[in-house]
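To keep things clear, I will list the structure first and then write my remarks on it.
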Amino acid sequence: MSDSWPRRRLLAILRGASEPLDAQELARITGQHVTTVRFHLDVLTRESLVRQFQQPPRGRGRPRIGYSAVQRSVGYQDLAQVLADQLGPDPRRRSEAAIAAGRAWGAKLDAGDHAVESLEDAKDVTMTLLSELGFAPERDPAAETTEQVLIRLTACPLRELARTHSEVVCGVHLGLMKEVLDRNGARGEVNVRLHPFVEPELCLVRLELMAGRPDQESRRDQEVRREPEHDREATPVPIGVEAGAEPRSGGGEPRIVPPSAGRMAPQLRNADPNVAKQSAQQW
């Protein structure tokens, strides 16, 4: 597989196309010069990743050359299953190992040079990455604010495995997104959360501005919302529910944590225990 960002983008476009595309069409889609596109297509052809087809000319002239991605049947699902099973029985350690693996993947990925200077930049980088990996991401403008962005993942290359090993599969994808954003300047500025299966065929990525709390990074790395190991059919944890929250006595939903609750912790850490307890109960 070519490790060039422009070639990966061309290959992703061709994989998603319903018919062969020629160099002119690909140049228009990518914004690159047609000569540059032809160069990358020649490389992809030599690597047997795309195939050439003759197409009818537009009007008079020579026939056009169309390009289509070569579809390969590789047992990635089985390979991922074997690797997931080797990470041990402890869900937390499996999640930590998966996030670390995702970061290692992101460190080797040619993710281009797209400086992240705003939440909008972070969204663009994440959307491009997820598109090329086959997640068919969609923006959710109704949920966007100045502090957070939601991206809907309508596809997943490993969806069936994620249903049974979400802490592994989703952990790898979370680590990958974090590393790519960090490499482009978002470290300590933008946090990423992944919410698997908020609907049977839908996952969500949440990008949010961090309030100057780099110390929360390692803790938030663990916030891959996953279903309990003993009940894979349970309703996924809704967005906004505190990770690891216990149900209230007598049943009911877990405690909802207001956005400001996390920021209160440092103020209560050194306060009088009785005052801290009383203040915490107000939330």
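Those letters in the sequence shown? Residues 1154 to 1436, by our numbering. Every residue, glycine too, gets a C-beta built ideally from N, C-alpha and C. Keep in mind it's a predicted model, so treat the numbers as computed, not measured.
Assign Cys1356 to one of three DSSP states: helix, strand, or coil. Under the three-state reduction of DSSP, Cys1356 is assigned to strand.
Just checking, does the stretch 1315-1334 make contact with the stretch 1247-1265 on the three C-beta pairs under 8 Å criterion? Contact holds: three or more Cβ-Cβ distances are below 8 Å.
Would the stretch 1238-1250 and the stretch 1260-1275 be scored as touching if the rule is three or more Cβ pairs under 8 Å? The stretch 1238-1250 and the stretch 1260-1275 do not touch, with fewer than 3 CB-CB distances between them shorter than 8 Å.
If you follow the alpha helix (DSSP H) that Val1302 is part of, which residue opens it and which one closes it? It is not in any alpha helix (DSSP H) - Val1302 instead sits in the beta strand (DSSP E) that spans 1301-1306.
Out of curiosity, what's the CA-to-CA distance linking Asp1231 and Val1351? Asp1231 and Val1351 have their C-alpha atoms some 25 Å from each other.
DSSP state of Gln1375 mapped onto helix, strand, coil: Confidence at Gln1375 is low in this model, with a pLDDT of 47, below 50, so the placement of that residue should be treated as unreliable; the coordinate-derived value is given next. It is coil, neither helix nor strand.
Report yes if the C-beta distance between Pro1290 and Leu1306 is below 9 Å; otherwise report no. Taking 9 Å as the cut-off, the beta carbon of Pro1290 is found closer than this to the beta carbon of Leu1306.
Secondary structure at Glu1291, three-state DSSP: helix, strand or coil? DSSP places Glu1291 in strand when its eight states are reduced to three.
What is the DSSP secondary structure of Ser1221, counted as helix, strand or coil? Note: Ser1221 maps to strand in three-state DSSP.
Could you pull the DSSP bridge partners for Asn1344 from this structure? Listed as beta-bridge partners of Asn1344 by DSSP are Glu1361.
Host beta strand (DSSP E) of Arg1204 (start-end): Per DSSP, Arg1204 belongs to the beta strand (DSSP E) from 1203-1208.
Kindly give me the distance between the Cβ atoms of Leu1286 and Pro1310, rounded to whole angstroms, as I take these residues to be in contact under 8 Å. That belief holds up - the Cβ atoms of Leu1286 and Pro1310 are roughly 7 Å apart, short of 8 Å.
What are the residues that DSSP puts in a beta bridge with Asp1175? According to DSSP, residue pairing for Asp1175 in a beta bridge involves Gly1219.
To the nearest angstrom, how far is the alpha carbon of Ala1170 from that of Lys1331? Roughly 29 Å between the two C-alpha positions.
What's the C-alpha gap between His1186 and His1193? Distance from the CA of His1186 to the CA of His1193, rounded to the nearest whole angstrom, comes to 11 Å.
Give me the residue from Leu1167, Leu1174, Arg1211 with the minimum Cα distance to Leu1202. Per the Cα distances, Leu1167.
Cα-Cα separation, Ser1271 to Gly1184: Each residue's alpha carbon lies about 23 Å from the other.
Report, in whole angstroms, the separation of the C-beta atoms of Val1269 and Val1343, which I expect to be a contact under 8 Å. Between Val1343 and Val1269 the Cβ distance is about 7 Å, and since that is below 8 Å, they are a contact.
Work out the CA separation of Glu1313 and Ser1157 for me, nearest whole Å. One C-alpha to the other measures close to 29 Å.
Buried or exposed for Gly1219, going by 16 or more other Cβ atoms inside 10 Å? The residue in question, Gly1219, is buried, as its Cβ has 16 or more Cβ neighbours within 10 Å.
Thinking just about the alpha-carbon of each residue, which of Asp1195, Gln1177, Arg1181, His1267 is nearest to the one in Arg1160? Of Asp1195, Gln1177, Arg1181, His1267, the residue nearest in Cα terms is Asp1195.
Assuming Thr1317 is part of the alpha helix (DSSP H), what are its boundary residues? In the DSSP assignment, Thr1317 falls within the alpha helix (DSSP H) that extends over 1312-1317.
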